[in-house]
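Going by the numbering used here, the sequence shown opens with residue 106, and the numbers climb by one from there.
Written below as structure tokens is the structure these notes are about.
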Amino acid sequence: MDCLFCQIAAGKISAQQVYSDDVMMAFKDIQPQAAVHLLLIPRQHIRSLNDLRPEDAPLLSHMMQTLPKIAAQQGLTDGYRTIINTEQGGGQIIFHLHIHLLGGSNLPGFH
Ligand code: 5GP
Ligand code: ZN
């Protein structure tokens, strides 16, 4: 499949990885919008939130519970922002589900 984030998950395209396990990974956004700007992705291809199935619940729960640990590792001790863009109307550009994790200086507002 011609999916950028699947290729990053497979190690075929390099990324600045900060976390990895059997089902997910986190890496630095190539065009950071804040001092810390990471993307958290499931290893399996899920197009967007609209494509979640009931059986994806454990994966999503795992990602949401791992996210604060990654934030802490990045030194985001006083909080952070999470964003999920969904489909064209939500500004999604890469159609592989991802959670933006932003924090530190230059935290952007909503656009
Ligand atoms: P979206 O608008 O789909 O929610 O966000 C996609 C994000 O992926 C953007 O913030 C963009 O900067 C990031 N991005 C696009 N291509 C690459 C890439 O090749 N490597 C990394 N690390 N991030 C990318
Ligand atoms: Zn994919």
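We treat Cβ as the ideally placed atom computed from N, Cα and C, and that holds for glycine.
**Report entry** First through last residue of the beta strand (DSSP E) which encompasses Met106
**Finding:** Looking at the DSSP string, Met106 is not in any beta strand (DSSP E), and its letter there is neither H nor E.
Query raised in the report: Are the beta-carbon atoms of Phe110 and Gln122 separated by less than 9 Å?
Result: no
**Report entry** Closer than 6 Å to the ligand ZN: residues, by C-beta to nearest heavy atom, in chain order
**Finding:** Cys108, Phe110, Cys111, His150 and His201
Requested in this report: State yes or no: is the C-beta of Asn190 within less than 9 Å of the C-beta of His205?
Outcome: yes
**Report entry** Length of the line joining the Cα atoms of Ile198 and Ile135
**Finding:** 13 Å
Query raised in the report: Three-state secondary structure (DSSP) at Ser153?
Result: coil
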